[in-house]
Amino acid sequence: MCGRYALFRWPQALTSLPGFPAGQPAQWNISPGASVLIQRQLDGQQHLAKARWGLTPAWLTDLSRTPAHARAETLAEQPMFREAFRQRRCLMPANGFYEWRGTVRKRPYWLTPGEGAALYFAAIWEAYPVQDQVWLSCAVVTQAAMNQRRPLLLDAAGQAAWLDPDTPLARLHELLASPAGALRERALAHFVNDPKLDAPECLTPA
């Protein structure tokens, strides 16, 4: 399961969008519950916003149960996700994500499309009103890959279709079934195992 990822370098296409936060910090070890950057399409224009990684629908009463992941295979049917899938889709930009493998002491791996490249996770978002303020939250869409679950990664055409509110449902289901693309991977030292460590040391090679 993709439980951690990083966003520490931003392409110009991202920084030029409305809503890119001034002083956006580099995040080397993002975990569920963290404040993350999401990209949405509102009124025909793409915007960036901050959201909590952990989906929080307005009707949710148990705030200890805010899923950070939504399975692509059941996204369209699950009551927690189906309305957001149809009406509130977004992207979560990243430079790469972490994956742990092994049986005894699992080894972390860094997965990325290449040095300097950005990738975009398919995701959904919700708004949660608290008194006079509205908070955003999100969940990343995952698919089965390599005996694990990885974020659903979208290319430029897929990103545009995912964000477009007028994309036909059949096309969205095609995206959910997209084959996983090839990624570069690198074995890492165990520094990233500490969720409190948020520094370049997370990417220290093994």
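All residue numbers for the sequence shown refer to the numbering used here, where the first residue is 988 and numbers rise by one.
Don't be surprised by glycine CBs; every beta carbon is placed ideally from N, CA and C.
Remember, predicted model here, so these are calculated numbers, not experimental data.
Ignoring anything shorter than 3 residues or poking outside the region 1137-1187, list the beta strand (DSSP E) runs there in chain order. 1171-1174
Secondary structure at residue 1070, three-state DSSP: helix, strand or coil? helix
Is the beta carbon of residue 1035 closer than 9 Å to that of residue 1004? yes
Compute the Euclidean distance between the alpha carbons of residue 1028 and residue 1078, then round it to the nearest angstrom. 10 Å
Could you work out which residue in 1026, 1013, 1014 is closest to residue 1147 when comparing CA atoms only? 1026
Could you tell me the distance, in whole angstroms, from the CA atom of residue 1184 to the CA atom of residue 1088? 20 Å
Could you check the C-alpha separation between residue 1177 and residue 1085 for me, to the nearest Å? 11 Å
Whether residue 1110 touches residue 1059 by CB criterion (9 Å): no
First and last residue of the uninterrupted beta strand (DSSP E) at residue 1099: 1094-1099
Let me know if residue 1144 comes out buried or exposed under the rule of 16 or more other beta-carbons within 10 Å of its beta-carbon. exposed
Whole alpha helix (DSSP H) runs in the region 993-1030 with 4 or more residues, listed along the chain? 999-1002
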